[in-house]
Amino acid sequence: MRYSHDEVLIHVDRALLKVLEEVIDEDKSTEIKVLLKQKRYELVRRVNVSPKKDTSLDRPDIWYFNGQVIVEVKTSQAEFEQALAQLRKYVQQFFRETARYCIITDGLNWDIRDANLERVAFVKVDEKAYEAGALEEAIASSEELRGVLTKAFSEIDLGVEIDPPSISKVFSPVLGYTDFIARLLEGYKDHPLYLSYKDIMLRLYSGLKEEEVTKLYAIHTLLQMVVNSVLSKTLNKDITDTLKVCSGELLQPYETSLPQLVWWNYGETKELVKPVCDEIVSYLYIFNWGSKPSIDVFSHLYEDFVEKSLRYKVGEYYTPWWLTELALKELKEMGAPIRGGIVLDPSCGSGRFLVSAFYKKVKEEGKDPDEAYYEIVGIDINPLAVALARAELIISYIYLQREKEGIFKFSQPKLPPGTPLIFWGDFIGPVVKSYTEVVKELKQIMSSVTNPLLRTALIDKVRKLKKSDALKAVMLFEMVISEYLSKGELRACKKVEEGDKPLATACEIASNFTSGKVSNYLKELVEKYGDHVWGIPITSSLFIDVFLPAIQPEVVVTNPPWIVINTLPKGSKWAEGVKDYVKKSMLSGIKIPGTAISKGDVSAVFLDVILSLMSGGGYVGIVLPAGQSYSGFSTSHGAGKLLTFRVMKRWDTKGEIVYLGDVFGHGVPASLAVLKKGEGFDVRCKSVSVRLDKDSHLDQDPNLKDDGISIEDHVLNVDEYLEKSREIRLNGVENIRLEGDVISPTFSGGPTGSTKKDVIPLTVTVRGYDETTRRAAISPLGFKGSVTYFGKVEWVTSWYIPLKVIYPFAIIRAFKLITRRETLEELYKGWEGLNDTLRVLKIPKKPTISCEEKANLLLYRNQRTFVSAVITQEVLEDMCKKSDGVFIDHHVVVLESKDSDVVYYYSAVLNYMVHKVKELELGGFNRDQFGRPIKAVLELGLEWRGEEWQKKVSELSKSISSNFREKVLVKMKLNPNLPVYEVVDMGRDEVVNEALGLKVEKVLEDLRLLKEFTEIVKELDTKVSGNVREVLSRNVIESRRG
């Protein structure tokens, strides 16, 4: 007998449910047993029946719980190979973390496999019964099949502990809905909520493509559903209505949802999304809700849900526990009032600093949980972060109460006294005069109630309250305004007891929202977008603009956004506001080079705004990029450090800054600044010797090592250089670039300091190219593996000159560099190292030297020995025939001149000075040279004036440049006829790269033997003014400070 697909599916489903019921009955899994007895099968297994239009998903026919058992139904054994391929895809895409058994069946034949698709058993049931139309009986009568299925269902994970890895694993199949949600979002791209979310993401992560914004929005939407579902179950809510569970409507008064992430909860879209909510809620039954919950339930969700390549691009990483605890420990030792002070995190993310502070207050300081709960304040611009942080703090409160009572059984827990003080908005928005907008109606509301006169009156009112009462007033305001939005009246304000200042204040402020035009705006808001999601944005706007300036928190601890100022999106009102604030407010009356501003970081802006809010004696613990603060004693390089330094000095801070290394595992080292405001400027530098796992707690002494210097010592080198380099000019030179561009990862092994050996370098070797087929064989330089590319090679490459190819009078090789992210993703799609490459990727938007520039170039090393060489305009033009320009390493200084005589002359002078340092035995070269050699040229009186003797030196330099390179190549054991650049190198770039590293001193030995160089030295020795020893010692020789 031939059965249809749906007939097989129905009979197989019934048979499997019977086996499951027997297994669960023996296992005593109470909640699941109840569901089965009530025949609520949709909560234990999903059946992919013929779906409605626009909701079709490529999923298995049946999957149990969260894909622990997956079933693919066919109508004949001939289709089993196809089914196996489908299962492999399902496991890879959706159930990689959860699958235990995979089953293929046509009802008669049963192919049972493990999670790796290896066969466990093959069973054929009673063929006579099958042919007679008794399919279900045929299945039930097979003892062999029953035994295999019983074993499979017995191994299902139920009663799972509520901890971060389990939460992430159990809900991992939800990611399968990402594309579906993204498709729904395509119809919302002109909607105010989509535009608001997009504005926020681009403010945080400039450079996101439209499709990346949409994908991130879809994932954040799913994560919000998961958070709301888990919190609903934690609070013992009735989770029957899955749409209300996912939207967060059941959580009142504990609001977590912001409008941007429940965009789907209106109109027809709600019904389209219902299957997603049904599945998410069904996964809640896998957990043991009577178990001891973790203190950071959601900490893994973001990193596990957002794929690596996109996560690296948006830079979302949770702060390690041990780092939050180290910051609080150091603050406490400095004297911060952790027990009784208000603790603020203005960039709270998922709330790790806040939860750590809450635990420290209660468990270590003995604070009452209800009091501690309202001394914890957070802000974040990311709607999902606000939801996560609010949920984490609520769960942490419940956890502590249960721990205190010694009860972890699933019962009605003691709930927090109200909604958490965690708000949505841009902490620096008010000072950069750019606010996060959602919809027109909300903007109208907030503009009306925060006009200058009313705002001043409100701030005065708040300042008259005790801080604890002011914060309770904020919580109560959110409660009463949310009640007004849903009920149309301020019920809680009808009976305000005498002396209840917090509620009286909340009601008085709320009255401004319930009359006149503002009341009409609120009605429009609710009619268009629903009622339960507007309490947070209204309260948040009020808190950031009115309450926060009045409260002045005693302790701030945070890990703010790390965004270099010159990478902020051009044309963005927010970006321009940041730059304007830096120049006019942060640095008002302070001279600082433009480079220090442009290469400074938004984290320094956060630090400045934090310190401006605090009264004298306030404490700050802030995680900063090491390259913008303190990067260890040996590396004082970094113009952006000056901006952070100026902020610390501006607010008269005292404390320490601790170099941490790459604690986030994303390739960018961090430092922790622990500061007290108004104590006299003195910040010491330290390093941490402990390296802990991200989920580890600080169970050992961090053993902070004093590095013996202050932050002022550390940046003095940079400060002196930048101050003086602004004035550096050379006759005959039109432009001086004291740094090239930061590009990473250029060569195999990853960026400096990276231990990742699988990072794919941007430099490539082109082993061959066929003009006819336009096929090119491309390999990453020094990296195993290659790709075949179709198209012209120069379309995917640019020239690149690193420091290590520059020798006296000789540039050894210009390498080829891939400079487009899209090209990397296309060429190396599927490569193991691609995600790590994209994680550390740094590529400037345009070449250091573009093909439009008409100039001769002098390049000299920016570190240690500042030897130099020339690229003439003719050579540059020829290089540009096969690329869009030349990228130059940031450790190289570039001088541009229209006159080739000028660059050849200065090249001779610089190489002469290197020679004199060695000849006079002056000691080690300065690590970071920048403009110091130029300053030495000026002090020695060797500036170009076009005199005859200088033209003679220029000719001698030109002569050496045309011949000396061959000698260097021979010394490197390379072909003396090797071109400086070639598109198709046939693997020669690999050979050259391996040969580089010859010490400059070895080359100088040969240079001294050249007649032309001897003449240059003799000529310059007679023309210098001043004492050569003193000038070089003062400018280019390493000084031993501190």
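Per UniProt numbering, residue 1 is the first one in the sequence shown, and the count goes up by one each step.
We put the CB at the ideal spot given by N, CA and C, even for glycine.
All values derive from a computational prediction rather than experimental measurement.
Return the CA-CA distance between residue i and residue j, expressed in angstroms with no decimal places.
| i | j | result |
| --- | --- | --- |
| Arg-455 | Phe-477 | 16 Å |
| Ala-670 | Arg-463 | 37 Å |
| Ile-728 | Gly-335 | 46 Å |
| Thr-819 | Gly-248 | 45 Å |
| Gly-987 | Glu-994 | 12 Å |
| Asp-741 | Arg-203 | 24 Å |
| Asn-703 | Ala-372 | 30 Å |
| Leu-803 | Gly-535 | 56 Å |
| Tyr-912 | Val-867 | 9 Å |
| Leu-1009 | Ile-806 | 20 Å |
| Arg-352 | Ala-327 | 12 Å |
| Leu-259 | Phe-747 | For the sequence presented, residue 259 should be read as Pro rather than Leu. Their Cα atoms are separated by approximately 45 Å. |
| Lys-952 | Leu-675 | 58 Å |
| Val-174 | Gly-830 | 23 Å |
| Trp-799 | Leu-250 | 59 Å |
| residue 1047 | Arg-339 | Because the chain here runs from 1 to 1042, residue 1047 falls outside it and cannot be looked at. |
| Pro-369 | Glu-739 | 53 Å |
| Val-431 | Ser-612 | 11 Å |
| Lys-528 | Ile-167 | 34 Å |
| Asn-382 | Asp-199 | 11 Å |
Going by DSSP in three states, residue i sits in which element: helix, strand or coil?
| i | result |
| --- | --- |
| Glu-155 | coil |
| Asn-382 | coil |
| Ser-631 | coil |
| Lys-495 | coil |
| Glu-72 | strand |
| Asn-735 | strand |
| Tyr-318 | coil |
| Arg-352 | helix |
| Ala-372 | helix |
| Leu-17 | helix |
| Leu-428 | It should be pointed out that residue 428 corresponds to Ile in this sequence rather than to Leu. Reduced to three states, the DSSP call for Ile-428 is coil. |
| Thr-55 | Confidence is the limiting factor: at Thr-55 the pLDDT is only 48, short of 50, which leaves the residue's position unreliable, though a coordinate-based value still follows. The answer is coil: DSSP assigns Thr-55 none of H, G, I, E or B. |
| Ser-309 | Because the pLDDT of Ser-309 is 48, which lies under 50, any placement of that residue in the model is unreliable, and the question is left without a value. |
| Thr-797 | coil |
| Gly-708 | strand |
Do we get a CB-CB distance below 9 Å when we pair residue i with the residues of chain D?
| i | result |
| --- | --- |
| Thr-319 | No chain D appears in this structure, which consists of one protein chain only. |
State the start and end residues of the unbroken alpha helix (DSSP H) segment that holds residue i.
| i | result |
| --- | --- |
| Tyr-659 | Careful: Tyr-659 lies outside any alpha helix (DSSP H), inside the beta strand (DSSP E) at 654 to 661. |
| Leu-895 | First-last for Leu-895: 892 to 897, but that is the beta strand (DSSP E), not the alpha helix (DSSP H). |
| Ala-138 | 135 to 140 |
| Thr-324 | 321 to 334 |
| Cys-277 | 269 to 282 |
| Asn-1035 | 1028 to 1035 |
| Ile-286 | Careful: Ile-286 lies outside any alpha helix (DSSP H) and carries neither H nor E. |
| Cys-507 | 501 to 511 |
At what residues does the beta strand (DSSP E) containing residue i begin and finish?
| i | result |
| --- | --- |
| Thr-765 | 763 to 770 |
| Leu-675 | 670 to 676 |
| Asp-114 | 109 to 114 |
| Asn-993 | It is not in any beta strand (DSSP E) - Asn-993 instead sits in the alpha helix (DSSP H) that spans 988 to 995. |
| Pro-780 | 775 to 780 |
Below 8 Å on the Cβ atoms is my contact criterion, and I expect residue i with residue j to pass it. Report the Cβ-Cβ distance as a whole number of Å.
| i | j | result |
| --- | --- | --- |
| Ile-843 | Ile-888 | Wrong, their Cβ atoms sit about 13 Å apart, outside the cutoff. |
| Met-614 | Pro-553 | 7 Å |
| Ile-422 | Ala-389 | 5 Å |
| Asp-345 | Val-474 | Rounded, the Cβ-Cβ distance is 16 Å, inconsistent with contact. |
| Leu-193 | Trp-263 | 5 Å |
| Ala-936 | Asn-1035 | 4 Å |
| Pro-417 | Leu-393 | The Cβ separation is near 12 Å, so there is no contact. |
| Gly-107 | His-11 | 6 Å |
| Asp-13 | Val-44 | Not confirmed; about 11 Å, so no contact. |
When you compare the stretch 136 to 150 with the stretch 15 to 27, are there three or more beta-carbon pairs, one atom per stretch, that lie closer than 8 Å? A contact exists between the stretch 136 to 150 and the stretch 15 to 27.
Cβ contact check for the stretch 506 to 520 and the stretch 391 to 404: 3 or more pairs under 8 Å: The answer is no - the stretch 391 to 404 does not touch the stretch 506 to 520, with fewer than three Cβ pairs under 8 Å.
Taking 8 Å as the threshold, find out whether the stretch 1004 to 1018 comes into contact with the stretch 922 to 936 through three or more Cβ pairs. No, they do not touch.
Flag this pair as touching only if the stretch 598 to 607 and the stretch 562 to 576 have three or more C-beta atom pairs under 8 Å; answer yes or no. Three or more Cβ pairs closer than 8 Å define a contact, and the stretch 598 to 607 meets that threshold against the stretch 562 to 576.
Can at least three beta-carbon pairs, one atom from the stretch 849 to 861 and one from the stretch 873 to 884, be found at a separation below 8 Å? A contact is defined here as three or more CB-CB pairs under 8 Å, and the stretch 849 to 861 meets this definition with respect to the stretch 873 to 884.
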